[in-house]
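Take a look at the structure below.
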Amino acid sequence: MADRQASWPAAAPPPPGYLPSNRAGQPQPSSFPGLPPRPVYREPHPVSALPVVSGLAATTLWFALFGALGHDLVSYAWWTIVAAISAWLMALVLTLVGDRGVAVGIAVASGVGLSLALGFVTLRWVGTLDWPLW
Numbered sequence: 341m342a343d344r345q346a347s348w349p350a351a352a353p354p355p356p357g358y359l360p361s362n363r364a365g366q367p368q369p370s371s372f373p374g375l376p377p378r379p380v381y382r383e384p385h386p387v388s389a390l391p392v393v394s395g396l397a398a399t400t401l402w403f404a405l406f407g408a409l410g411h412d413l414v415s416y417a418w419w420t421i422v423a424a425i426s427a428w429l430m431a432l433v434l435t436l437v438g439d440r441g442v443a444v445g446i447a448v449a450s451g452v453g454l455s456l457a458l459g460f461v462t463l464r465w466v467g468t469l470d471w472p473l474w
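Numbering-wise, our numbering comes out as the position in the sequence shown, counting from 1, plus 340.
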């Protein structure tokens, strides 16, 4: 006859902060009797609105300064491409080691700025049938 396997060991208690707590610091009871309370999941690096808005504002100023260097559509488009590449590199650096909210603002503003510039290039291309960036 086969030997009977031992029962499973008791589960370890959850780590501190895993169970949600009420104002008294005690875990909240489940809405269904007999079930454990629901876990609360938190983002380890939360993003708030103020850093995103500051990234948007800084990148908008960045694109305005670079766009002001251009004297016609071709130079404006090339300066905008340079500004977008440098902004994306900064967003990548900020994503890895800095504030992710600012990185999100930079990425959004640079995407909008580059789309706007290349939209103007496309309109010129459609109107003249000549690609203006070469």
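Cβ atoms here follow ideal geometry from the backbone N, Cα and C, with glycine treated the same way.
This one's a predicted model, so the numbers in the text were calculated from it and none came from an experiment.
> Is the distance from the Cβ of residue 392 to the Cβ of residue 441 below 7 Å?
Replying inline: In contact: residue 392 and residue 441 (Cβ atoms closer than 7 Å).
> According to the Cβ coordinates, are residue 454 and residue 443 closer than 7 Å?
Replying inline: No; because the gap between Cβ atoms is not below 7 Å, this pair is not in contact.
> By DSSP, does residue 410 sit in helix, in strand, or in coil?
Replying inline: Residue state, collapsed to three classes: coil.
>> Taking 7 Å as the limit between beta carbons, can you name the residues of its chain near residue 464, skipping five residues before and five after?
In response: Excluding residues up to 5 positions away in sequence, 413, 472 lie with their Cβ nearer than 7 Å to the Cβ of residue 464 in the same chain.
>> Quick check on DSSP: helix, strand or coil for residue 438?
In response: Here residue 438 sits in coil by DSSP.
> How about residue 449 and residue 399: do their beta carbons lie closer than 7 Å?
Replying inline: In terms of Cβ geometry, residue 449 and residue 399 form a close pair [threshold 7 Å].
> Using DSSP with H/G/I as helix, E/B as strand and the rest coil, what is residue 381?
Replying inline: Three-state result, residue 381: coil.
> Around the C-beta of residue 396, are 16 or more other C-beta atoms found within 10 angstroms, so that it is buried, or is it exposed?
Replying inline: A residue is called buried when at least 16 other Cβ atoms come within 10 angstroms of its Cβ; residue 396 meets this threshold and is buried.
>> Rounding to the nearest angstrom, what Cα-Cα distance links residue 349 and residue 384 in this structure?
In response: One C-alpha to the other measures close to 31 Å.
> So what does DSSP say about residue 474, is it helix, strand or coil?
Replying inline: Residue 474: coil per DSSP, three-state reduction.
> Which whole-angstrom value is the C-beta distance of residue 458 and residue 417, which I expect to be below 8 Å?
Replying inline: Residue 458 to residue 417, Cβ: 7 Å. Contact.
>> Quick check on DSSP: helix, strand or coil for residue 391?
In response: Here residue 391 sits in helix by DSSP.
> Would a C-beta distance cut-off of 7 Å place residue 423 and residue 446 closer than the cut-off?
Replying inline: Between residue 423 and residue 446, the C-beta spacing is not below 7 Å.
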